[in-house]
Every structure is written in structure tokens, then in C-alpha cells.
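K.L.:
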Amino acid sequence: MSASRPRAPGPIAWRSALKNTIYDVLKARDGWQEVDEGAEWDFFWADKGWIHNELDKIHLSDWQRVNHYPNHYELTRKDLLLKNLKRTKRQLEREDRGMEAALYGFFPQTFVVPSEYRMLVEEFRRRGGTWIMKPIGRAQGQGIFLFNKLSQVHGL
8 MSASRPRAPG PIAWRSALKN TIYDVLKARD GWQEVDEGAE WDFFWADKGW IHNELDKIHL
68 SDWQRVNHYP NHYELTRKDL LLKNLKRTKR QLEREDRGME AALYGFFPQT FVVPSEYRML
128 VEEFRRRGGT WIMKPIGRAQ GQGIFLFNKL SQVHGL
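The sequence shown begins at 8 in the numbering used here and counts up by one.
1. Which whole-angstrom value is the C-beta distance of P18 and G38, which I expect to be below 8 Å?
2. For A108 and K93, I'd like the C-alpha separation in whole angstroms.
3. Could you check where the beta strand (DSSP E) with W39 kicks off and where it finishes?
4. Identify whether P13 lies in helix, strand or coil by the three-state DSSP scheme.
5. From which residue to which residue does the alpha helix (DSSP H) around W57 run?
6. Given a cut-off of 8 Å, decide if V119 and L89 are closer than it, judged by their beta-carbon atoms.
7. If we count the other Cβ atoms within 10 Å of its Cβ and call it buried at 16 or more, is W70 buried or exposed?
8. Identify every residue that forms a DSSP beta bridge with A20.
9. Within the present structure, is the beta-carbon of A108 separated from the nearest heavy atom of the ligand MN by less than 7 Å?
10. With a 10 Å radius around its C-beta and 16 neighbouring C-beta atoms as the bar for buried, classify M8 as buried or exposed.
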């Protein structure tokens, strides 16, 4: 697959590694055409295993899209997203790019519990108020709760 030539006109060619709701939605779309394995595609709804094992072995053309990318969890897991945001800010500060580093002040003070529990306690005692607890391994809002007493956080 060459990135130098433009996408061919016509229906959007797609593949899906899964036979689920996504497959049904793609199949029902006007102007979208399912293609067999081995055929050139514009969009591929792949499973994470395919992304992990195959994506770096092929070259995507400029118009080709997949639904995941390697290490996507670095952004979708809140603890790893925080790690990356903090690392980027520190790197910009080390490079004397203070104005750019200041742009990374958009996220609230965040602690990863239990490893940073003591820092959370110290900051909570200083500021008080209502805080948000978001479990690392959950998604789609599951497990999120508000707390205004440290006793509500114990046992996590």
C-alpha cells in the first residue's frame, strides 16, 4: 500500500475483525463497502491484538484509518495519561519552554492512589472541599465518586 497515490474514488472500503454492533453499523452505512481480507481498505475496525501484532508491519496510506493505535492505553488509562502529561510538562520546562509548559496546567491536581495516598492526604487537609475519585481500571464512568472526607477513600 503506497502513501504516494491518492485514495481511489468510490465507496469507502472497510474491514472489521469483529462481528458485533460495529460490524452491523458499518455494513448498514450508505457509501461504505465491506472488503475481504487481503483487499485494500480505507477503514479497518481491528481488534487490539491485530493492532499490536500487525500494524507496525504494514505501511498505511495517508487516507487509511484504524480504530486503535499502538500504546493507545497511554491516553485512555487515566493514570498513564497523567504520567504522560506530567512528563511532557517537565520536558518543556527543562528545555526552557515555559510558555508551552504553562499550557499543561489545564488538568486538576491529581494523585494515583495508593502510591501517592500520603500526598493526597496532605493536599486534602490543606485545601479540603469536594474531590473526585476515578478508579484506574474502570471505564465509561464506572466507579467514579465524590468525597469530602478522607474516611470515604480508605480501602481503595
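In this text, a Cβ means the ideal position worked out from N, Cα and C, and glycines have one as well.
Predicted model, so just to flag it, every value in this text is computed and none were measured.
P.N.:
So, to answer that:
1. About 5 Å; that satisfies the 8 Å criterion.
2. 10 Å
3. W39 to E41
4. In the three-state DSSP reduction, P13 falls in the coil class, being neither helix nor strand.
5. K55 to E61
6. yes
7. exposed
8. Q40, per the DSSP bridge assignment.
9. As for the ligand MN, it is missing from this structure, which has no ligand bound.
10. Confidence in M8 is poor, its pLDDT being 48 and thus under 50, which makes the residue's placement unreliable; the coordinate value appears in the next sentence. The residue is exposed, with fewer than 16 neighbouring Cβ atoms inside 10 Å.
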